[in-house]
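Notes to accompany the following structure.
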Amino acid sequence: MRQPFEYALIRLVPRIERGEQINVGVLLYCQQRDFLAARTHLDADRVRALAPDVDLPAVAAVLDSWDRTCSGDGPATRMRLGERFHWLAAPRSTMIQTGPVHTGLTVDPAAELDRLMATLVR
Numbered sequence: 003m004r005q006p007f008e009y010a011l012i013r014l015v016p017r018i019e020r021g022e023q024i025n026v027g028v029l030l031y032c033q034q035r036d037f038l039a040a041r042t043h044l045d046a047d048r049v050r051a052l053a054p055d056v057d058l059p060a061v062a063a064v065l066d067s068w069d070r071t072c073s074g075d076g077p078a079t080r081m082r083l084g085e086r087f088h089w090l091a092a093p094r095s096t097m098i099q100t101g102p103v104h105t106g107l108t109v110d111p112a113a114e115l116d117r118l119m120a121t122l123v124r
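For the record, in the sequence shown the residue sitting at position 79 is 81 according to the working numbering, with numbers rising by one throughout.
Right under this line is the structure:
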């Protein structure tokens, strides 16, 4: 049976003042399946083409922290999955941001996350 899910693109905005962005991941939450995960992919060549001076290891570390937050590491341990999703998807003015939240229906949230990554990020 298909269940509703929410997702948001994770974007790298190397220079906030320019507003240019690269999709670097997807954040997906499915309440009925108790599923929350972030998948990321940092294409160094694409990033360097847009902003050659970006600290790629620092960006990779921040993206890794999104995965840890989804898993409940650190302070996120006290948060429910939905709270974690909405906290991560909240608007922010940092180099790593999310786009608008979208919805859909899926039988398999992990497979849907892989599909969205292939379609929207890679």
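All residues carry an ideal CB built from backbone N, CA and C; glycine is no exception. The model shown is predicted, which means the values in this text are computed figures rather than measured ones.
Under 8 Å between the Cβ atoms of residue i and residue j?
{"i": "T108", "j": "Q5", "result": "yes"}
{"i": "L11", "j": "N25", "result": "yes"}
{"i": "M119", "j": "R48", "result": "no"}
{"i": "L29", "j": "A91", "result": "yes"}
{"i": "E22", "j": "L52", "result": "yes"}
{"i": "V123", "j": "M97", "result": "no"}
{"i": "I18", "j": "S95", "result": "yes"}
Which residue marks the beginning of the alpha helix (DSSP H) containing residue i, and which one marks its end?
{"i": "G84", "result": "83-91"}
{"i": "A78", "result": "Here A78 belongs to no alpha helix (DSSP H), and DSSP marks it neither H nor E."}
{"i": "M3", "result": "It is not in any alpha helix (DSSP H) - M3 carries neither H nor E in the DSSP assignment."}
{"i": "P138", "result": "Lying outside 3 to 124, the shown extent of the chain, residue 138 is not represented and no answer is given."}
Can you give me the start and stop residues for the beta strand (DSSP E) that residue i sits inside?
{"i": "T96", "result": "Careful: T96 lies outside any beta strand (DSSP E) and carries neither H nor E."}
Opposite residue i in the DSSP bridges: which residues?
{"i": "A10", "result": "L29"}
{"i": "T105", "result": "E8"}
Measure the beta-carbon distance from residue i to residue j and round it to whole angstroms, keeping in mind my assumption that it falls under 8 Å.
{"i": "F7", "j": "P93", "result": "The pair is not a contact, with the Cβ atoms about 20 Å apart (cut-off 8 Å)."}
{"i": "Y31", "j": "L83", "result": "6 Å"}
{"i": "A78", "j": "T71", "result": "5 Å"}
{"i": "G27", "j": "L65", "result": "6 Å"}
Less than 7 Å separating the Cβ of residue i from some heavy atom of the ligand ADP?
{"i": "A53", "result": "Annotation note on the ligand ADP: not contained in the displayed structure, which lists no ligands."}
Within the segment 19-66, note down every full alpha helix (DSSP H) run reaching 4 residues or more, in order along the chain. 46-52
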